[in-house]
Every structure is written in structure tokens, then in C-alpha cells.
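In UniProt numbering, the protein residues as written are 1 to 171.
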């Protein structure tokens with residue numbers, strides 16, 4: 001967050017500096033309103049560029065074993081341009097190397113999902129997916145595990161919809 005703020009301010013100063021340099025090269029003095037106006041436009045343009053390019057930049061840096069299974073685009077009334085085309089600002093990914101099938105029951109798979117949001121820390125959740133029943137449950141620190149690292153019992157199961165991103169591990 002601090003890097004974004006500092007970068008935005010630096011972009012504003014850079015835009016103002018370029019305009020001041022251009023006016024000096026032309027041998028004219030810049031009107032008082034031009035420099036702050038150009039700095040504000042530059043910072044505003046940088047903020048919009050950062051908002052719309054975040055997902056592509058971040059997804060491009062992910063290792064090959066991580067698959068993005070779901071994206072979310074949020075509209076913001078304080079940023080009216082998002083009402084026309086909302087940027088992707090969070091997504092869910094699955095680490096394919098951490099998908100483990102239960103040796104005792106191959107229909108049960110332990111999956112690590114990563115929840116990433118712009119400006120927030122990454123959240124990793126571990127699920128148990130029952131591919132045969134089409135359900136999933138959370139594995140927490142309090143969940144008792146067997147010798148293979150799979151839960152002995154999960155208290156709460158959730159039915160997976162047809163478009164549930166965790167269904168992709170059952171293929």
C-alpha cells in the first residue's frame with residue numbers, strides 16, 4: 001500500500017517536471033494552474049492503469065503449477081469508470097502440486113486454495129473435496145488428522161455447485 005502511494009506521488013512529480021521542462025524549452029513560463037493540473041491528471045491516470053493492470057501483472061508472475069480458477073470484478077461508486085468496466089481485483093487459485101488424493105479413499109482430495117486480493121495479504125485455505133459426493137469441507141488447525149494427513153471427520157460439509165472452482169480437482 002505504501003509503495004502504491006509513493007509511486008503515485010512520484011508519477012505526479014514526474015509529470016509536473018516534464019511539463020515544466022517543456023515550457024522552459026519553449027522559453028515560456030508555465031501558467032500557475034498547469035503544473036498542479038498535469039500532476040493530478042498523471043496521478044489519476046496512473047491509479048486507473050494500476051487498477052486495471054493489476055490482475056494481468058500478478059497472474060503473469062505466478063508459477064506454472066498455480067491455476068487461477070475464479071476471478072472477481074468489483075464495481076465501486078466512488079470510481080465511476082468501474083461501473084462501465086469493473087477491473088479484476090481479487091481471484092482464487094489452486095496450487096496443483098498441493099492437491100493430494102487420499103490413498104485410502106481416492107475420491108477424497110486435499111486441496112490448498114489461495115485467495116488473493118489487491119492490496120491485501122494472500123490467504124491460503126485447505127479443503128477436503130469429496131469428488132464422489134460433490135461436497136467440500138474446510139480443514140482447520142483444530143481438525144483431527146489420520147496418518148495420511150487427511151481429516152478423520154469434518155463437522156460441516158458444503159455442497160458444491162456445478163460451477164464451483166474446487167470441482168476442477170476432481171477431473
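From the three backbone atoms N, C-alpha and C, an ideal C-beta is built for every residue, glycine too.
These numbers were taken from a predicted model, which means no experiment stands behind them.
Which complete beta strand (DSSP E) runs does the region 63-92 hold, if anything under 3 residues is left out?
As far as the region 63-92 is concerned, its whole beta strand (DSSP E) runs of at least 3 residues are 66-73.
Item to complete: Below 6 Å CB to CB, which residues in the same chain sit around residue 117 once its five sequence neighbours on both sides are set aside?
Response: The count along the chain shown starts at 1 and reaches residue 117 at position 117. Non-local C-beta neighbours of residue 117 in its own chain, meaning closer than 6 Å and more than five positions away in sequence, comprise 90, ordered along the chain.
Does DSSP put residue 12 in a helix, in a strand, or in coil?
By one-based count along the chain shown, residue 12 stands at place 12. It is helical.
Given 8 Å as the limit, is there contact between the region 147-164 and the region 94-109, that is, 3 or more CB pairs closer than that? Result yes; three or more Cβ-Cβ pairs closer than 8 Å.
- Kindly indicate the opening and closing residues of the alpha helix (DSSP H) around residue 50. Numbered from 1 along the chain shown, position 50 holds the residue referred to as residue 50. Counting along the chain, the alpha helix (DSSP H) containing residue 50 begins and ends at 34-60.
Are three or more beta carbon pairs between the region 73-91 and the region 45-64 nearer than 8 Å?
The region 73-91 vs the region 45-64: in contact.
Kindly list the residues whose CB is nearer than 7 Å to the CB of residue 82, restricted to its own chain and excluding five residues on each side of it in sequence; keep chain order. As a first step, residue 82 must be located in the chain shown, where it is residue number 82. Closer than 7 Å at the Cβ level, and outside the excluded window around residue 82, lie 75 and 76.
Residue 38 vs residue 165 beta-carbon contact at 9 Å:
One-based indexing of the chain shown puts residue 38 at position 38. One-based indexing of the chain shown puts residue 165 at position 165. Not closer than 9 Å, so no.
- Nearest to residue 119 by alpha carbon, out of 18, 50 and 33? Working through the chain shown from its first residue, we reach residue 119 at position 119. For the set 18, 50 and 33, the Cα lying nearest the Cα of residue 119 is the one of 50.
On a CA-only basis, which of 85, 67 and 11 is nearest residue 40? Give me that one, please. Residue mapping note: residue 40 aligns to position 40 of the chain shown, counting from 1. Proximity to residue 40 across 85, 67 and 11 peaks at 11, based on C-alpha coordinates.
Rounded separation between residue 47 and residue 86 - CA only: Translated into positions along the chain shown, residue 47 becomes position 47. Translated into positions along the chain shown, residue 86 becomes position 86. When rounded, the separation of the alpha-carbon atoms in residue 47 and residue 86 is 14 Å.
Quiz item: Expressed to the nearest angstrom, what Euclidean distance is found between the alpha-carbon atoms of residue 154 and residue 108?
Solution: Here residue 154 corresponds to residue number 154 of the chain shown, with the count starting at 1. Here residue 108 corresponds to residue number 108 of the chain shown, with the count starting at 1. The straight-line gap from Cα to Cα measures roughly 12 Å.
> So residue 93 and residue 130 are in contact, right, with Cβ under 8 Å, and what is the actual spacing, rounded?
Replying inline: Reading the chain shown from its first residue, position 93 is the one you call residue 93. Reading the chain shown from its first residue, position 130 is the one you call residue 130. Actually they are not in contact, since the Cβ atoms of residue 93 and residue 130 sit about 21 Å apart, beyond 8 Å.
* To do: State the Cα-Cα distance for the pair residue 126 and residue 140, rounded to the nearest angstrom.
  => Counting from 1 along the chain shown, the entry for residue 126 is found at position 126. Counting from 1 along the chain shown, the entry for residue 140 is found at position 140. Here the C-alpha atom of residue 126 lies approximately 7 Å from the C-alpha atom of residue 140.
Legend entry - Outcome for residue 61 when other beta-carbon atoms lying within 10 angstroms are tallied against a minimum of 16: Stepping through the chain shown from its first residue, residue 61 is reached at position 61. Under a 10 Å Cβ-count criterion, residue 61 is classified as exposed, with fewer than 16 other Cβ atoms of the shown protein chains found around its own Cβ.
In this structure, how does DSSP classify residue 137 when only helix, strand and coil are distinguished?
As a working mapping, residue 137 is identified with position 137 in the chain shown. Residue 137 carries a strand assignment under DSSP once its states are collapsed to helix, strand and coil.
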